[in-house]
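Under this note's numbering, the first residue of the sequence shown carries the number 9, and numbering increases by one thereafter.
No residue lacks a Cβ here, since even glycine has one placed at the ideal position from N, Cα and C.
Worksheet for the structure shown next.
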Amino acid sequence: MNKFATVAMIASVAALSACSGLTTEDRAMIEQISAQSQDAKAAAEMAAMSAENAAQSAAAAVEKANMAAAMAKSASEKADRVFQKGLRK
């Protein structure tokens with residue numbers, strides 16, 4: 009649930025709770041929905057933080073992989089130069 013949906017739900021709950029014709033059961037249901045909305049919002053925020061952490065970890069892994077590839081390329085080029093030098097002797 010995005011922030012706009014959460015705000016809309018909370019606003020509708022507030023509007024409904026302002027109605028004087030609601031029964032005790034209606035008010036209890038509204039409170040339960042409001043609590044569930046808050047729980048969903050907290051869960052969405054935690055999921056967003058987890059996704060951000062995962063993205064940062066993935067970026068670090070890509071950077072390490074690129075460094076490893078560069079090191080492998082350098083080692084390969086050095087081995088090739090040594091091999092070519094050995095062939096010329």
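Do residue i and residue j have their C-beta atoms closer together than 8 Å?
{"i": "T14", "j": "S42", "result": "no"}
Grouping DSSP H, G and I as helix and E and B as strand, with all else coil, what is residue i?
{"i": "T14", "result": "helix"}
{"i": "T31", "result": "coil"}
Given this structure, state the Cα-to-Cα distance separating residue i from residue j, to the nearest angstrom.
{"i": "A48", "j": "E60", "result": "18 Å"}
{"i": "E71", "j": "A63", "result": "12 Å"}
{"i": "M57", "j": "A69", "result": "18 Å"}
{"i": "Q92", "j": "A83", "result": "14 Å"}
{"i": "G94", "j": "M79", "result": "22 Å"}
{"i": "A34", "j": "A52", "result": "In the sequence under discussion, the amino acid at residue 34 is Asp, which differs from the Ala named in the question. Each residue's Cα considered, the two are about 27 Å apart."}
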